[in-house]
Amino acid sequence: MTASASSLRDDDGARFERLRALFDAGCLLATGDRGRFLARVVDEDVALGGELSRLFAEHDRADTGRSRRALLAMVAELAAVPSHKTGSRIGRYEIRRELGRGGMGVVYLAEDENGAPAAVKVLAASGTRPRFEREWAILAGLAHSRIARFLDAGDTDGGAPYYAMEYVPGVAFGEYCDGAALPVAARLALFLDVCAAVQFAHANLVLHRDIKGDNILVTPEGVPKLIDFGIARSLERDAATRTQQRFFSPVNAAPEQIKGERLGVTCDVYQLGTVLYELLCGQPIFDFRQLTPSQLEHHILDVPPVAPSLVVARGAAGCARLRGCATPRALATVLAGDLDNIVLQALRKKPDERYGSVERLAEDVRAYLSRRPVSARRGHAWYRVRRFASRHRIAVAATVLALATAVSLVAALALQARDLARERDAARHDRDRADTTARFLVDLFKTADPRTALTRDMRIGDVLSSAARGLTLRTDLSGDIRAGLLTALAEVQLSLSDHRAALRLLDEGAAALDAAGLARSAAMASVLQTRARVEGASGNTRAAYALAAEALDLHERLGSPPSARIVARHTAVRALEDFAPARDAIGAYRALLSSVQEASTDASRLARIEIQLSQLLLAERDPAACDLAASASARLRAGLPARHPDVLWAAAAVAACRDETATEPAPAVLADLQSLYAEQVDLLGTRSFVPVATLAWIAAAFHRRGANAAAIAVASEVERAFSTLHDRPQFDSFSALTSLARYELADGRIDAATAHLEQAASMARAIWGEYGAKIAEADGRLGVAYARAGRWEAAETTLRRAAGRARDEGPRAAWIGLELADVEIRRGRIDEASEDLAAIEPTVVAGAARFPEFGTRWTALRARLPAESSP
Numbered sequence: 001m002t003a004s005a006s007s008l009r010d011d012d013g014a015r016f017e018r019l020r021a022l023f024d025a026g027c028l029l030a031t032g033d034r035g036r037f038l039a040r041v042v043d044e045d046v047a048l049g050g051e052l053s054r055l056f057a058e059h060d061r062a063d064t065g066r067s068r069r070a071l072l073a074m075v076a077e078l079a080a081v082p083s084h085k086t087g088s089r090i091g092r093y094e095i096r097r098e099l100g101r102g103g104m105g106v107v108y109l110a111e112d113e114n115g116a117p118a119a120v121k122v123l124a125a126s127g128t129r130p131r132f133e134r135e136w137a138i139l140a141g142l143a144h145s146r147i148a149r150f151l152d153a154g155d156t157d158g159g160a161p162y163y164a165m166e167y168v169p170g171v172a173f174g175e176y177c178d179g180a181a182l183p184v185a186a187r188l189a190l191f192l193d194v195c196a197a198v199q200f201a202h203a204n205l206v207l208h209r210d211i212k213g214d215n216i217l218v219t220p221e222g223v224p225k226l227i228d229f230g231i232a233r234s235l236e237r238d239a240a241t242r243t244q245q246r247f248f249s250p251v252n253a254a255p256e257q258i259k260g261e262r263l264g265v266t267c268d269v270y271q272l273g274t275v276l277y278e279l280l281c282g283q284p285i286f287d288f289r290q291l292t293p294s295q296l297e298h299h300i301l302d303v304p305p306v307a308p309s310l311v312v313a314r315g316a317a318g319c320a321r322l323r324g325c326a327t328p329r330a331l332a333t334v335l336a337g338d339l340d341n342i343v344l345q346a347l348r349k350k351p352d353e354r355y356g357s358v359e360r361l362a363e364d365v366r367a368y369l370s371r372r373p374v375s376a377r378r379g380h381a382w383y384r385v386r387r388f389a390s391r392h393r394i395a396v397a398a399t400v401l402a403l404a405t406a407v408s409l410v411a412a413l414a415l416q417a418r419d420l421a422r423e424r425d426a427a428r429h430d431r432d433r434a435d436t437t438a439r440f441l442v443d444l445f446k447t448a449d450p451r452t453a454l455t456r457d458m459r460i461g462d463v464l465s466s467a468a469r470g471l472t473l474r475t476d477l478s479g480d481i482r483a484g485l486l487t488a489l490a491e492v493q494l495s496l497s498d499h500r501a502a503l504r505l506l507d508e509g510a511a512a513l514d515a516a517g518l519a520r521s522a523a524m525a526s527v528l529q530t531r532a533r534v535e536g537a538s539g540n541t542r543a544a545y546a547l548a549a550e551a552l553d554l555h556e557r558l559g560s561p562p563s564a565r566i567v568a569r570h571t572a573v574r575a576l577e578d579f580a581p582a583r584d585a586i587g588a589y590r591a592l593l594s595s596v597q598e599a600s601t602d603a604s605r606l607a608r609i610e611i612q613l614s615q616l617l618l619a620e621r622d623p624a625a626c627d628l629a630a631s632a633s634a635r636l637r638a639g640l641p642a643r644h645p646d647v648l649w650a651a652a653a654v655a656a657c658r659d660e661t662a663t664e665p666a667p668a669v670l671a672d673l674q675s676l677y678a679e680q681v682d683l684l685g686t687r688s689f690v691p692v693a694t695l696a697w698i699a700a701a702f703h704r705r706g707a708n709a710a711a712i713a714v715a716s717e718v719e720r721a722f723s724t725l726h727d728r729p730q731f732d733s734f735s736a737l738t739s740l741a742r743y744e745l746a747d748g749r750i751d752a753a754t755a756h757l758e759q760a761a762s763m764a765r766a767i768w769g770e771y772g773a774k775i776a777e778a779d780g781r782l783g784v785a786y787a788r789a790g791r792w793e794a795a796e797t798t799l800r801r802a803a804g805r806a807r808d809e810g811p812r813a814a815w816i817g818l819e820l821a822d823v824e825i826r827r828g829r830i831d832e833a834s835e836d837l838a839a840i841e842p843t844v845v846a847g848a849a850r851f852p853e854f855g856t857r858w859t860a861l862r863a864r865l866p867a868e869s870s871p
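Letter by letter, the sequence shown follows residues 1 to 871 of full-length UniProt numbering.
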């Protein structure tokens with residue numbers, strides 16, 4: 001929150017009285033007269049005019065159930081809120097001055113007992129207390145460098161709730177960019193920071209719903225901060241996130257907000273589009289000062305905005321100079337094409353026609369900045385045609401009917417000739433592809449021939465590099481053949497864990513397809529899919545998910561066979577597993593499994609999916625886990641040799657699952673795992689994923705039998721092996737470190753465990769950023785280690801951070817909540833412990849059958865609380 005956090009400012013409420021009087025007067029006017037009346041108010045005071053426009057829009061929508069009386073009551077409540085004068089105190093904060101008044105409260109600049117500035121928001125209308133508390137509860141869970149930080153909350157001496165946040169001494173987004181005369185590229189870089197903040201909120205299941213330039217503040221250091229989550233809502237699956245109370249800014253509102261429909265992440269995508277639009281061309285998507293409320297609603301619902309390049313082309317030179325261009329035409333040239341299309345796709349009227357996520361919008365902006373193709377170029381012209389047709393149905397229908405009659409006569413003859421030519425050309429192309437591939441393989445092996453190679457000690461990497469250079473020099477290859485061969489080489493580099501080399505090859509392949517006009521081809525889908533696997537193997541799982549989703553979208557548009565679509569879906573789900581809540585990953589795997597079973601195309605892939613799903617279910621103690629693993633193992637044994645790596649891996653997965661779920665560990669299971677490991681090493685060596693994964697299961701088996709010293713020795717080897725297998729940190733390395741630390745804690749090696757868990761927490765942030773299930777796990781385990789070491793303050797801070805990231809993670813949330821409550825009780829923080837135990841009680845009860853130890857511990861912790869703190 002900041003000095004510009006609200007458009008309504010006054011110390012004594014007179015401004016609200018004026019708003020009420022203006023609203024009363026405007027309601028008596030006809031629509032056209034009201035528009036002119038509003039324009040005069042805006043000319044005098046833009047902020048006041050914006051609030052008045054919002055109230056008129058609500059008044060005109062009587063069917064939403066929001067009557068004029070209710071609106072006036074809201075204004076009256078806001079006007080009646082008592083002011084806190086300079087020097088008075090709210091909790092531990094001393095008031096310095098009022099910053100502003102808004103839809104739910106009054107914001108003050110204050111200082112805590114150490115003189116640190118804070119923005120304190122006090123509830124204005126008593127009837128909105130639940131929504132106010134929901135606002136600060138949402139903010140408390142959003143710890144991100146680009147979101148204004150939550151400090152604390154409480155009640156004033158008068159009983160009104162308040163919360164305090166980081167004070168951001170900045171200016172509004174557009175004002176900062178114009179003041180610094182930032183060129184387009186620099187504006188886009190700041191915009192990506194804002195996207196990261198919104199993505200973080202979405203990852204924590206929070207929808208902002210009121211993203212606008214005034215709610216993005218930029219500090220003097222140039223750091224943008226997202227503020228004002230006053231109308232934010234949870235994105236939880238069962239929540240009906242609708243626009244029931246419309247406190248949003250009308251000019252930035254998405255069409256579905258205007259219509260009162262259910263909202264999703266694409267609402268925030270639309271609002272980011274409005275911010276980007278104004279950032280690029282200096283004007284809002286519609287000039288609300290010239291529109292009545294009903295006209296504004298019509299524009300938002302039905303009128304596509306003018307492309308930014310066209311706006312600036314007829315604009316003033318000052319706008320261009322503020323964006324690093326000498327003339328409006330020069331700026332229009334910069335915006336035309338990719339940037340126009342990115343903005344206009346984000347601003348499409350139907351939610352399902354926009355970017356499906358903020359990440360996809362951000363990825364297109366990054367693609368533009370790095371001069372890569374953007375996805376928004378696809379279909380934009382057709383979109384505008386459809387919008388035109390929807391507004392002129394009768395004329396378009398008559399024209400189409402006349403054209404269809406004429407075209408159909410020509411088409412019948414043309415189709416026959418085209419089909420014959422297409423079959424002939426396809427046959428020639430297939431023959432050329434086969435010949436080229438055969439020659440390429442022959443040349444590849446010739447490169448490795450010690451009799452002709454420049455060095456007798458040629459390694460496979462040298463062979464692949466030589467092959468790639470040879471492809472670069474070939475000018476006779478078509479785009480899809482070149483891309484296919486480069487993708488094949490990238491697959492080999494991926495198998496060798498040389499991810500950088502694989503990405504270079506895939507970049508070349510994508511460029512070849514783009515140059516050949518094949519950017520939307522099956523070959524490009526293959527490149528995207530392989531790139532997704534490389535990014536996933538590198539730990540960039542969000543990028544992997546976006547790429548796999550793009551490949552799947554392309555396959556579906558091309559009508560690719562089910563097998564191709566399943567591969568893309570599998571890649572996407574594998575990436576999703578790494579950062580999504582467990583329940584979402586399990587749901588995605590189950591849906592994928594059902595699709596593969598229906599297609600019946602790939603028994604090996606089906607088995608891999610079953611085993612991967614079984615591992616997720618095992619963590620949730622789902623009894624179906626072992627049955628799935630056993631089914632996969634049987635399927636693989638029926639179709640593959642007994643010593644095939646997949647058969648041995650599945651057998652180890654079944655043994656580990658049975659050991660994990662057994663009431664008492666069976667000696668035979670450990671012997672089976674050790675025997676399978678020996679076979680895998682004999683077949684694959686010690687530095688391959690399959691034997692290392694089995695070794696990790698062996699370490700876990702030792703731990704379950706109380707042999708923690710042996711578990712530590714084996715887990716140390718697993719950690720070293722994964723470190724050498726991958727050229728950068730990723731999930732396998734993180735999991736190995738946390739497992740090693742768990743065994744060290746069990747063995748009383750607290751210092752070693754703490755060091756490893758601090759390393760794991762740092763690794764997790766390098767891989768996944770500041771949020772997600774893995775970050776919650778890393779912080780949760782580190783907090784437990786701090787508690788074991790008697791570092792209670794560090795333990796509480798770390799566990800509370802973990803709890804904020806694990807709130808939708810079921811068993812993980814319960815485990816972290818129990819550890820946090822234990823530490824709070826030990827520190828004498830009884831009220832906090834009582835609240836935290838109450839918060840996890842539903843999760844503990846829901847998981848009682850599979851996690852009975854949680855219920856036992858919850859009851860024991862409740863018993864340690866004083867009687868007066870009980871609910």
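Just so you know, even glycine gets a beta-carbon here, dropped at the ideal spot from N, CA and C.
What did DSSP end up calling residue i once you bin it into helix, strand or coil?
i	result
D751	helix
R862	helix
D779	helix
A316	coil
D193	helix
A172	strand
V306	coil
L48	helix
Using DSSP bridges, identify the partner residues of residue i.
i	result
P183	Its beta-bridge partners do not exist; DSSP assigns none.
K225	L217
M165	A119 and F150
R89	E94
G260	Looking at the DSSP assignment, G260 forms no beta bridge with any residue, so it has no partner.
G100	V107
D155	P161
Start and end of the alpha helix (DSSP H) containing residue i?
i	result
G817	P811 to R826
P645	P645 to T661
P691	F689 to R704
L322	Here L322 belongs to no alpha helix (DSSP H), and DSSP marks it neither H nor E.
S560	Where S560 is concerned, there is no enclosing alpha helix (DSSP H), given that its DSSP letter is neither H nor E.
A632	A624 to G639
Can you tell which of the options has its C-alpha closest to the C-alpha of residue i?
i	options	result
S723	V784, A753, A537 and L745	A537
A502	L485, D514 and A515	L485
V526	V567, Y545, I147 and Y93	First, the residue type needs correcting, since residue 526 is Ser and not Val in the sequence shown. With distances taken between Cα atoms, S526 lies closest to V567.
P255	A201, V784, P351 and L188	P351
D214	V198, L207 and G170	G170
M763	R354, D751, E777 and A752	E777
S735	R720, S309 and A110	R720
D210	R749, R643, T266 and R372	T266
V194	V120, Y167, G273 and I258	G273
G810	L616, H644 and S631	L616
What first and last residue would you give for the beta strand (DSSP E) that runs through residue i?
i	result
G105	G105 to E111
Give me, in chain order, the residues of the same chain whose beta-carbon lies closer than 7 Å to that of residue i; leave out the 5 immediate sequence neighbours on both sides.
i	result
G855	V844 and A848
T156	I90, V122 and Y162
S716	L740
V714	L695, I698, A699 and F702
Counting only the same chain and skipping the five closest in sequence on each side, list residues whose C-beta sits under 6 Å from that of residue i.
i	result
G587	none
E577	A585
N708	Y743, A746 and D747
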